[in-house]
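Here is the structure we will look at, set down as C-alpha coordinates.
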Amino acid sequence: MSLDIQQLAKHYGDSPVFRNVSLSLAPGEFVAIVGESGVGKSTLLNCMAGLDSWDHGSVHLQGHNLGELNDEQRALLRRRHVGFVFQAFHVLPHLDVAQNVGLPLLLLGQHDDARVQHMLDAVGLSGLGERLPQQLSGGQLQRVAMARALVHRPALVLADEPTGNLDPATATRVMDALLTQTRAQGSSLVLVTHSEAAAARADRVLKLRADGLV
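According to this note's numbering, numbering within the sequence shown proceeds without interruption in unit steps and concludes at 356.
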(Lines of atoms letter the chains of each structure in order from A and count residues from 1; the text may use other names and numbers.)
(Lines give C-alpha, C1' and ligand atoms only; values in the text may rest on other atoms or scores of the structure.)
Protein backbone atom coordinates (compact mmCIF):
# COMPACT_ATOMS: atom_id res chain seq x y z
CA MET A 1 0.00 0.00 0.00
CA SER A 2 1.10 3.56 -0.55
CA LEU A 3 0.48 6.38 1.93
CA ASP A 4 2.58 9.53 1.80
CA ILE A 5 1.86 12.67 3.84
CA GLN A 6 3.91 15.81 3.38
CA GLN A 7 3.91 18.97 5.53
CA LEU A 8 0.28 18.56 6.59
CA ALA A 9 -1.29 21.38 8.63
CA LYS A 10 -4.76 21.71 10.10
CA HIS A 11 -6.56 24.62 11.79
CA TYR A 12 -9.98 25.04 13.34
CA GLY A 13 -10.72 28.72 12.73
CA ASP A 14 -7.72 30.61 14.09
CA SER A 15 -6.62 27.72 16.31
CA PRO A 16 -3.86 25.47 14.93
CA VAL A 17 -4.30 21.74 15.50
CA PHE A 18 -1.00 20.50 14.05
CA ARG A 19 1.50 21.50 11.38
CA ASN A 20 4.55 20.12 9.55
CA VAL A 21 3.23 16.53 9.73
CA SER A 22 5.02 14.21 7.29
CA LEU A 23 4.78 10.42 7.15
CA SER A 24 5.54 7.73 4.60
CA LEU A 25 4.16 4.28 5.34
CA ALA A 26 5.79 1.13 4.00
CA PRO A 27 3.67 -1.79 2.75
CA GLY A 28 2.66 -4.01 5.68
CA GLU A 29 4.11 -1.60 8.25
CA PHE A 30 2.48 -1.03 11.65
CA VAL A 31 2.85 2.53 12.93
CA ALA A 32 1.45 3.69 16.28
CA ILE A 33 0.73 7.39 16.81
CA VAL A 34 0.68 8.61 20.39
CA GLY A 35 0.38 12.04 21.97
CA GLU A 36 -1.50 14.13 24.48
CA SER A 37 -5.28 14.39 24.36
CA GLY A 38 -6.45 17.19 22.07
CA VAL A 39 -3.31 17.28 19.93
CA GLY A 40 -5.21 16.08 16.87
CA LYS A 41 -4.44 12.35 16.57
CA SER A 42 -7.95 11.38 15.48
CA THR A 43 -8.10 14.37 13.15
CA LEU A 44 -4.85 13.27 11.52
CA LEU A 45 -6.25 9.76 11.07
CA ASN A 46 -9.35 11.23 9.42
CA CYS A 47 -7.14 13.26 7.08
CA MET A 48 -5.30 10.08 6.05
CA ALA A 49 -8.62 8.64 4.90
CA GLY A 50 -9.87 11.84 3.32
CA LEU A 51 -12.65 12.09 5.90
CA ASP A 52 -11.43 15.50 7.05
CA SER A 53 -9.89 18.45 5.25
CA TRP A 54 -6.57 20.20 5.90
CA ASP A 55 -5.15 23.66 5.23
CA HIS A 56 -1.68 22.93 3.91
CA GLY A 57 0.32 19.99 2.62
CA SER A 58 -0.66 16.82 0.80
CA VAL A 59 -1.95 13.30 1.37
CA HIS A 60 -1.30 10.69 -1.32
CA LEU A 61 -3.11 7.36 -0.99
CA GLN A 62 -2.43 4.58 -3.50
CA GLY A 63 -0.93 7.18 -5.84
CA HIS A 64 -3.94 9.52 -5.61
CA ASN A 65 -3.65 13.05 -4.26
CA LEU A 66 -6.65 13.21 -1.93
CA GLY A 67 -6.65 16.99 -2.05
CA GLU A 68 -7.47 16.87 -5.76
CA LEU A 69 -10.41 14.45 -5.40
CA ASN A 70 -14.03 15.35 -4.75
CA ASP A 71 -16.07 13.76 -1.95
CA GLU A 72 -17.42 10.96 -4.16
CA GLN A 73 -13.96 10.08 -5.49
CA ARG A 74 -12.53 10.00 -1.96
CA ALA A 75 -15.40 7.76 -0.81
CA LEU A 76 -14.78 5.29 -3.62
CA LEU A 77 -11.05 5.21 -2.86
CA ARG A 78 -11.74 4.56 0.85
CA ARG A 79 -14.26 1.88 0.00
CA ARG A 80 -11.70 -0.07 -1.99
CA HIS A 81 -8.47 0.48 -0.07
CA VAL A 82 -9.15 1.59 3.53
CA GLY A 83 -10.56 -0.13 6.61
CA PHE A 84 -11.45 2.03 9.63
CA VAL A 85 -11.80 0.79 13.22
CA PHE A 86 -13.45 3.34 15.50
CA GLN A 87 -13.26 3.51 19.29
CA ALA A 88 -17.06 3.80 19.50
CA PHE A 89 -17.58 0.73 17.26
CA HIS A 90 -20.16 2.42 14.94
CA VAL A 91 -21.95 -0.84 14.19
CA LEU A 92 -25.47 -0.54 12.77
CA PRO A 93 -27.98 -1.64 15.46
CA HIS A 94 -30.64 -2.85 13.02
CA LEU A 95 -28.25 -5.24 11.23
CA ASP A 96 -27.04 -8.51 12.70
CA VAL A 97 -23.35 -9.25 13.18
CA ALA A 98 -22.85 -10.94 9.81
CA GLN A 99 -24.66 -8.14 7.98
CA ASN A 100 -22.53 -5.51 9.73
CA VAL A 101 -19.33 -7.34 8.80
CA GLY A 102 -20.43 -7.91 5.21
CA LEU A 103 -21.42 -4.28 4.57
CA PRO A 104 -18.11 -3.24 2.88
CA LEU A 105 -18.40 -6.20 0.48
CA LEU A 106 -22.01 -5.29 -0.28
CA LEU A 107 -21.00 -1.71 -1.10
CA LEU A 108 -18.32 -3.05 -3.45
CA GLY A 109 -20.76 -5.44 -5.12
CA GLN A 110 -18.77 -8.41 -3.81
CA HIS A 111 -21.19 -10.06 -1.37
CA ASP A 112 -19.48 -13.20 -0.11
CA ASP A 113 -20.97 -15.14 2.82
CA ALA A 114 -17.91 -17.42 3.01
CA ARG A 115 -15.53 -14.50 3.43
CA VAL A 116 -17.76 -12.96 6.10
CA GLN A 117 -17.82 -16.25 8.00
CA HIS A 118 -14.04 -16.55 7.67
CA MET A 119 -13.59 -13.10 9.24
CA LEU A 120 -16.00 -13.91 12.06
CA ASP A 121 -14.05 -17.08 12.78
CA ALA A 122 -10.73 -15.22 12.57
CA VAL A 123 -11.69 -12.64 15.21
CA GLY A 124 -13.33 -15.15 17.56
CA LEU A 125 -17.00 -14.53 16.75
CA SER A 126 -17.92 -17.97 15.43
CA GLY A 127 -21.61 -18.72 15.90
CA LEU A 128 -22.57 -15.09 16.60
CA GLY A 129 -23.40 -13.99 13.05
CA GLU A 130 -27.15 -13.85 13.64
CA ARG A 131 -26.98 -11.86 16.87
CA LEU A 132 -27.84 -8.17 17.00
CA PRO A 133 -25.26 -5.68 18.33
CA GLN A 134 -27.22 -5.06 21.54
CA GLN A 135 -26.72 -8.73 22.43
CA LEU A 136 -22.92 -8.43 22.45
CA SER A 137 -20.30 -7.28 24.95
CA GLY A 138 -18.00 -4.33 24.31
CA GLY A 139 -15.12 -6.60 23.36
CA GLN A 140 -17.32 -8.53 20.94
CA LEU A 141 -18.59 -5.28 19.38
CA GLN A 142 -15.02 -4.11 18.83
CA ARG A 143 -14.23 -7.39 17.09
CA VAL A 144 -17.29 -6.89 14.86
CA ALA A 145 -15.95 -3.45 13.94
CA MET A 146 -12.53 -4.96 13.28
CA ALA A 147 -13.91 -7.76 11.08
CA ARG A 148 -15.92 -5.19 9.12
CA ALA A 149 -12.79 -3.09 8.57
CA LEU A 150 -10.80 -6.08 7.32
CA VAL A 151 -13.32 -8.14 5.35
CA HIS A 152 -12.62 -6.44 2.00
CA ARG A 153 -8.86 -6.92 2.48
CA PRO A 154 -7.90 -3.23 2.48
CA ALA A 155 -4.36 -2.08 1.81
CA LEU A 156 -4.57 0.35 4.75
CA VAL A 157 -6.22 -0.13 8.15
CA LEU A 158 -6.73 2.94 10.35
CA ALA A 159 -7.58 2.22 13.99
CA ASP A 160 -8.64 5.03 16.33
CA GLU A 161 -8.23 3.96 19.98
CA PRO A 162 -9.72 0.50 19.29
CA THR A 163 -8.98 -0.69 22.83
CA GLY A 164 -9.86 2.55 24.62
CA ASN A 165 -13.22 1.30 25.93
CA LEU A 166 -12.02 -2.19 26.88
CA ASP A 167 -10.58 -3.77 30.01
CA PRO A 168 -6.87 -4.79 29.76
CA ALA A 169 -7.46 -8.50 29.12
CA THR A 170 -10.06 -7.86 26.42
CA ALA A 171 -7.86 -5.13 24.91
CA THR A 172 -5.01 -7.61 24.54
CA ARG A 173 -7.25 -10.12 22.77
CA VAL A 174 -8.55 -7.44 20.41
CA MET A 175 -5.02 -6.28 19.56
CA ASP A 176 -3.93 -9.89 19.02
CA ALA A 177 -6.73 -10.39 16.50
CA LEU A 178 -6.09 -7.06 14.77
CA LEU A 179 -2.37 -7.71 14.31
CA THR A 180 -2.85 -11.32 13.25
CA GLN A 181 -5.33 -10.39 10.55
CA THR A 182 -3.55 -7.30 9.20
CA ARG A 183 -0.32 -9.28 8.92
CA ALA A 184 -2.10 -12.22 7.27
CA GLN A 185 -3.54 -9.85 4.66
CA GLY A 186 -0.37 -7.78 4.25
CA SER A 187 -2.23 -4.61 5.23
CA SER A 188 -0.49 -1.53 6.58
CA LEU A 189 -1.80 -0.39 9.97
CA VAL A 190 -1.87 3.04 11.59
CA LEU A 191 -3.00 2.92 15.21
CA VAL A 192 -3.87 5.96 17.30
CA THR A 193 -3.64 5.00 20.95
CA HIS A 194 -3.01 6.06 24.53
CA SER A 195 -2.14 2.47 25.41
CA GLU A 196 1.57 1.93 25.99
CA ALA A 197 1.06 -1.83 25.67
CA ALA A 198 -0.57 -1.47 22.24
CA ALA A 199 2.01 1.05 21.00
CA ALA A 200 4.88 -1.20 22.09
CA ARG A 201 3.81 -3.78 19.52
CA ALA A 202 4.26 -1.38 16.57
CA ASP A 203 7.14 -1.31 14.10
CA ARG A 204 7.40 2.43 14.72
CA VAL A 205 5.98 4.69 17.41
CA LEU A 206 5.55 8.36 16.50
CA LYS A 207 4.46 11.14 18.83
CA LEU A 208 2.17 13.83 17.44
CA ARG A 209 2.89 17.34 18.70
CA ALA A 210 1.60 20.69 17.52
CA ASP A 211 4.76 21.11 15.45
CA GLY A 212 4.73 17.68 13.77
CA LEU A 213 5.43 13.96 14.21
CA VAL A 214 8.56 12.91 16.09
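Idealized CB from N, CA, C, for every residue including glycine.
Our contact map puts residue i next to residue j with C-beta atoms below 8 angstroms; I'd like the distance itself, whole angstroms only.
i: Leu350; j: Leu186; result: 6 angstroms
i: Leu270; j: Val227; result: Actually they are not in contact, since the Cβ atoms of Leu270 and Val227 sit about 18 angstroms apart, beyond 8 angstroms.
i: Val334; j: Asp302; result: 5 angstroms
Please go through the same chain and pick out, in chain order, the residues whose beta-carbon is closer than 8 angstroms to the beta-carbon of residue i, but skip the five residues on each side of it.
i: Leu247; result: His253, Asp254, Arg257, Val258, Val293 and His294
i: Thr322; result: Ala264
i: Ser166; result: Leu145, Asp146 and Ile147
i: Leu168; result: First, the residue type needs correcting, since residue 168 is Ala and not Leu in the sequence shown. Closer than 8 angstroms at the Cβ level, and outside the excluded window around Ala168, lie Ser330.
i: Gly266; result: Arg285, Arg315 and Ala319
i: Gln229; result: Asp302, Glu303, Pro304, Gly306 and Asn307
Going straight from the alpha carbon of residue i to that of residue j, what length do you get?
i: Ala264; j: Arg161; result: 39 angstroms
i: Ser195; j: Cys189; result: 6 angstroms
i: Gln204; j: Val332; result: 15 angstroms
i: Asn242; j: Pro304; result: 17 angstroms
i: Ala174; j: His260; result: 27 angstroms
i: Met317; j: His198; result: 33 angstroms
i: Arg221; j: Asp353; result: 31 angstroms
i: His153; j: Ser268; result: 44 angstroms
i: Leu262; j: Met288; result: 10 angstroms
i: Ala342; j: Pro310; result: 14 angstroms
i: Ala344; j: Asn307; result: 20 angstroms
i: Val163; j: Val356; result: 9 angstroms
i: Ala326; j: Gly155; result: 42 angstroms
i: Gly251; j: Ser329; result: 21 angstroms
i: His223; j: Leu150; result: 21 angstroms
i: Phe172; j: Ser157; result: 31 angstroms
i: Glu338; j: Gln284; result: 19 angstroms
i: Ala340; j: Thr314; result: 8 angstroms
i: Val286; j: Leu237; result: 12 angstroms
i: Asp213; j: Leu219; result: 10 angstroms
i: Gly170; j: Leu249; result: 25 angstroms
i: His336; j: Ser200; result: 26 angstroms
Could you tell me whether any non-hydrogen atom of the ligand FMN is closer than 7 angstroms to the CB of residue i?
i: Ala291; result: Among the ligands in the structure shown, none appear at all, so the ligand FMN cannot be discussed.
Looking only at its chain, what residues have a beta carbon closer than 6 angstroms to the beta carbon of residue i, apart from the 5 residues adjacent to it on each side?
i: Gly114; result: An answer regarding residue 114 cannot be provided, because it is not within the stretch 143 to 356 covered by the chain.
i: Ser279; result: none
i: Gly244; result: Val258
i: Thr312; result: Gly281
i: His202; result: Asp146
i: Ala324; result: Strictly speaking, residue 324 in this sequence is Thr, with Ala absent from that position. So the list reads Val299 and Leu331, once near-sequence residues are dropped.
Might you give, ordered along the chain, the residues of its own chain that have their beta carbon closer than 7 angstroms to the beta carbon of residue i, omitting 5 neighbours on each side?
i: Arg216; result: Gly192 and Leu208
i: Val159; result: Lys152, His153, Gly182 and Thr185
Does the beta carbon of residue i come closer than 8 angstroms to any beta carbon on chain B?
i: Pro169; result: The chain inventory of the structure shown lacks chain B, comprising one protein chain alone.
At what residue ranges does the stretch 246–329 contain a whole run of the beta strand (DSSP E), taking only runs of 3 or more? Given a length threshold of 3 residues, each whole run of the beta strand (DSSP E) inside the stretch 246–329 is given here in chain order: 298–302.
Stretch pair the stretch 267–284 + the stretch 174–194: three plus CB contacts closer than 8 angstroms: no
Does the stretch 226–240 come within contact of the stretch 200–217, defined as at least 3 CB pairs closer than 8 angstroms? Touching, no.
Restricting to runs no shorter than 3 residues, where is the beta strand (DSSP E) found entirely within the stretch 170–207? 172–176 and 198–203
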